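Take 35 as the starting number for the sequence shown in the working numbering and just add one per residue. Quick reminder that beta carbons are idealized off the backbone N, C-alpha and C, glycines included. What you are looking at is a predicted structure, and each value in this text was computed from that prediction instead of being measured.
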Amino acid sequence: MNVFEGVEFNTMQFIGPLIVLIVTMVGISFVYRFFFKWLPKKLYNFLIGPVALIGFYIWLIPMNLGFHELFK
Numbered sequence: 035m036n037v038f039e040g041v042e043f044n045t046m047q048f049i050g051p052l053i054v055l056i057v058t059m060v061g062i063s064f065v066y067r068f069f070f071k072w073l074p075k076k077l078y079n080f081l082i083g084p085v086a087l088i089g090f091y092i093w094l095i096p097m098n099l100g101f102h103e104l105f106k
């Protein structure tokens, strides 16, 4: 018995944005590493979290999912 028999799920709506998210996060981390490797190790590691959040927010803007829309 399949309760979801009539439900269609388009996976392409999720795969494309996730690929863009991965590329954005890798790109932002590469730029961060390239420009800020000269920082002391503790400060460099401390700022990785905020840089990841900035990369996530850069991904959200083209997806029309800014913080206002995300938490609406």
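According to DSSP, simplified to helix, strand and coil, what is residue i?
{"i": "G40", "result": "coil"}
{"i": "W93", "result": "helix"}
{"i": "K76", "result": "helix"}
{"i": "L81", "result": "coil"}
Out of curiosity, what's the CA-to-CA distance linking residue i and residue j?
{"i": "V54", "j": "V37", "result": "33 Å"}
{"i": "K71", "j": "V85", "result": "13 Å"}
Buried or exposed: where does residue i fall if 16 or more other Cβ atoms within 10 Å of its Cβ makes it buried?
{"i": "I62", "result": "buried"}
{"i": "G50", "result": "exposed"}
{"i": "G40", "result": "exposed"}
Starting from the C-beta of residue i, find all residues in its chain whose C-beta is less than 7 Å away, skip the five residues before and the five after it, and write them out in chain order.
{"i": "T58", "result": "G89, I92, W93"}
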